[in-house]
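Participant:
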Amino acid sequence: MYGIRSVNIPSVGRADESHETSVHSEEAKPPLDVIFPEPEQSLKSAGMFCLSEIEHDLPIPPCLLNRPLISAIKEELERLFLDKVIANLGLCISIYDVHSVEGGFIFPGDGSAMYKVKFRMVVFRPFIGEILMGKIESSDEDCLRLSLGFFNDIYIPEHRIARPCKRGDDGIWYGFMRVRFRVLSIKYPPVPNEQKEDAKPFAPMEIIGETSGDGLGLPSWWGD
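The working numbering puts the last residue of the sequence shown at 1459; the count rises by one with no breaks.
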């Protein structure tokens, strides 16, 4: 299971330097070497993934300078971005390829070499209205929480839950385990300055969906 964290791209790098990062996204299939846990619980198409082109000022630490340049760059990019959420972009899954590398300036007293790198990254970001298959992770009186196997912050509000199903005396919803749902919105909550002890763990990316509608809910309802 991935540990999902948020990342502020412009702050990655030397603390005393200002680095600019530009992002361009396009719908695309993920590379063949990307393996997703529990694939039967997610869409068979690649619509929920896209390629994002990113240009980033990347410092390569001295310990990696004896490695082939592209190999060192990919390793550092993976350390910085993989399994992290970039606000308004999505969950970083894999470095797809490196388009160009410029620079290589070494900072005095630091030893790191600074490169301007343009690369493409596979990002998990389903489009609004997309249909996905998820497994119920937990539930309470307000919503269902679903999981795709590699992403767990999917919520179905009570008024968006398919019928027939019912809530027991313990406040738990009963009726199905694996459900088909439609994506209604994607939220990127700001990182809180303080968080109460009894508050739910902070999630940098949340998907809101529904299981009510034709073809949604329990697959067996529709002969699947």
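Think of the CB as a built atom: it goes at the ideal place given N, C-alpha and C, for glycine as much as any other residue.
Keep in mind that this is a model prediction, so the values were computed, not measured.
Between the stretch 1282-1298 and the stretch 1355-1367, do three or more beta carbon pairs fall short of 8 Å?
Facilitator: With the cut-off at 8 Å, the stretch 1282-1298 and the stretch 1355-1367 touch.
Participant: Mark A1394 as exposed unless 16 or more other C-beta atoms lie within 10 angstroms of its C-beta, in which case mark it buried.
Facilitator: First, the residue type needs correcting, since residue 1394 is His and not Ala in the sequence shown. Per the 10 Å Cβ criterion, exposed.
Participant: In angstroms, rounded to a whole number, what distance separates the CA positions of I1396 and C1327?
Facilitator: Their backbone Cα atoms lie some 29 Å apart in a straight line.
Participant: How is the alpha helix (DSSP H) around M1307 delimited, first residue to last?
Facilitator: It is Ala, not Met, that sits at residue 1307 in the sequence shown. Unbroken alpha helix (DSSP H) run through A1307: 1304-1316.
Participant: Nearest-angstrom Cα distance between S1420 and I1442?
Facilitator: The alpha-carbon atoms of S1420 and I1442 are separated by roughly 6 Å.
Participant: Starting from F1340, trace the beta strand (DSSP E) in both directions and tell me its first and last residue.
Facilitator: 1325-1341 is the span of the beta strand (DSSP E), which, as asked, contains F1340.
Participant: Check this for me: beta carbons of I1366 and L1379, under 9 Å apart or not?
Facilitator: Contact: no.
Participant: Reducing DSSP to helix, strand and coil, say where L1214 ends up.
Facilitator: Outside the displayed range of the chain (1236 to 1459) lies residue 1214, so it cannot be described from this structure.
Participant: Flag this pair as touching only if the stretch 1320-1337 and the stretch 1303-1310 have three or more C-beta atom pairs under 8 Å; answer yes or no.
Facilitator: Yes: the two stretches touch, three or more of their Cβ pairs being nearer than 8 Å.
Participant: Do you know offhand how far Y1331's Cα is from K1309's?
Facilitator: Going by the C-alpha atoms only, they are around 10 Å apart.
Participant: So, with DSSP's three-state summary, where would you put R1360?
Facilitator: It is coil, neither helix nor strand.
Participant: Let's test the definition: count the other Cβ atoms within 10 Å of the Cβ of D1388 and tell me whether it reaches 16, buried, or not, exposed.
Facilitator: Buried, because 16 or more other Cβ atoms sit within 10 Å of the Cβ of D1388.
Participant: Give the secondary structure of S1447 by DSSP, where H, G and I count as helix, E and B as strand, and everything else as coil.
Facilitator: If DSSP states are grouped into helix, strand and coil, S1447 belongs with coil.
Participant: Using the C-alpha atoms, what's the distance from S1373 back to R1415?
Facilitator: Rounded to the nearest angstrom, the two C-alpha atoms are 16 Å apart.
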